[in-house]
Each structure stands twice: as structure tokens, then as C-alpha cells.
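The working numbering runs 147 ahead of the 1-based position in the sequence shown. Glycine is no exception: its CB is placed at the ideal position from the N, C-alpha and C atoms. Quick caveat, the model's predicted, so the values are computed rather than measured. Data block below; observations after.
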Amino acid sequence: MVKPHHIDILFTEEQIQEKIAELAAVVARDYLDKELVLIGILHGGAALLTDFSRALWKAGLTTSVHKDYIGISSYESGVDSTGRVVFTKELKNSIKGRHVLIVEDIVDTGRSLASAIEILKAKEPKSLETLTLLSKPSRREVEVPVKYIGWEIPNTFVAGYDLDYDEMYRTMPYIGSVVFD
């Protein structure tokens, strides 16, 4: 059940796009002259993966970038993680021997990302790194390696820019804190 709440803006649409461009510039330098597979985690990571891949193009990493998705969830509804990770979609293509960058919207407890890393490592990529737009280190239950971090945020529930609160706010172009009234 959705509790009465309002949204306080944390990051505007412009701030998000600027941060993505900054991250893309660093990743483009790191993967210059390498083929790179970006793996988004559905559903929250879809907008980020699209915007990030376009920013990589603008940063000079062009024809050598490929995209794929996996589906993972640790939330059934509401704001609390179940602590149980469920895979809902497998990769379309092989990543064996390829450079892979997981593009994640938010790293909270670390459980979902740890599960994704474990599954993807078993597919034998040449390298496997992680990028997240948002990180909540105070909520971490499982330590996970995150090479590229947009922002570290406090322990607040966030929505917008494909992050949802009970499937609401995915289409909101900014990221806000869900404040319960």
C-alpha cells in the first residue's frame, strides 16, 4: 500500500545529464581502443543505460560499444528490499572474453549487484567493472566493487529517472527523495 508522501528533489534533470557526461568521459578514456559491453540492470537502469551509452558516443567511444540487459529484483513492492534476489531476464549475447561494464542506477544493500557480478563472472568476461549513478554506502550489507560512482547519497528512499516507489515515478525526469508524511 502506498503511504502518503511527497518528493523532495535531490538531483535535477540537468544535474543528472551533467553527471552522466562526466562519468562517460572517464569511461571513454579507460576503454579507448577496446570493445565494451554495457549491461544494464532492469528496470531501474534502463534510462541510465540509454543516456550513458549516448554520452559515451559524445565522449568519443563510438562503434565499439554494445548494450545488453539482465533483469534482477530484490524489491517486491514498497520501499524495503526483500533480501532475496530474483533474476528475471538473462543476457541476449555472450560476454566471454569481452570487457564488461555493469551500469546500475543505485547500489543500496549491494545484494543485487553482488548477485549480478557473480552471475556475470561465471560467463568469463575479459574484465568486469561497475558504474552506478547513486550509491548508499550507509546501507551496504555486502561489499561490492564499484569503480565509477556518480553520487554518494544518504539513507533515503529515492525515486525518479526510472527508480520507482511501488512502480510510480519512473518517468519523472529528476531524482527525488520520497518523504513520508
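Query raised in the report: Do you know offhand how far residue 201's Cα is from residue 192's?
Result: Sequence index remark: in the sequence shown, residue 201 carries index 54 (1-based). Sequence index remark: in the sequence shown, residue 192 carries index 45 (1-based). For residue 201 and residue 192, the distance between alpha carbons rounds to 14 Å.
Query raised in the report: Should the stretch 296 to 310 be regarded as contacting the stretch 239 to 251, the criterion being three or more beta carbon pairs within less than 8 Å?
Result: no
Requested in this report: Whole angstroms is fine: what's the gap from residue 259's alpha carbon to residue 219's?
Outcome: Translated into the one-based positions of the sequence shown, residue 259 becomes position 112. Translated into the one-based positions of the sequence shown, residue 219 becomes position 72. Computed Cα separation, rounded: 7 Å.
Query raised in the report: Start and end of the alpha helix (DSSP H) containing residue 199?
Result: Reading the sequence shown from its first residue, position 52 is the one you call residue 199. Counting along the chain, the alpha helix (DSSP H) containing residue 199 begins and ends at 193 to 205.
Query raised in the report: Which same chain residues, not among the five before or five after residue 293, have their C-beta less than 7 Å away from its C-beta?
Result: Numbered from 1 along the sequence shown, position 146 holds the residue referred to as residue 293. Hits under 7 Å: 254, 277, 279 and 282.
Requested in this report: With a threshold of 16 other CB atoms inside 10 Å of the CB of residue 195, please say whether the residue is buried or exposed.
Outcome: Residue mapping note: residue 195 aligns to position 48 of the sequence shown, counting from 1. Buried, because 16 or more other Cβ atoms sit within 10 Å of the Cβ of residue 195.
Query raised in the report: Taking the C-alpha atoms as reference points, what is the distance between residue 285 and residue 155?
Result: Residue mapping note: residue 285 aligns to position 138 of the sequence shown, counting from 1. Residue mapping note: residue 155 aligns to position 8 of the sequence shown, counting from 1. Approximately 20 Å between the Cα atoms of the pair.
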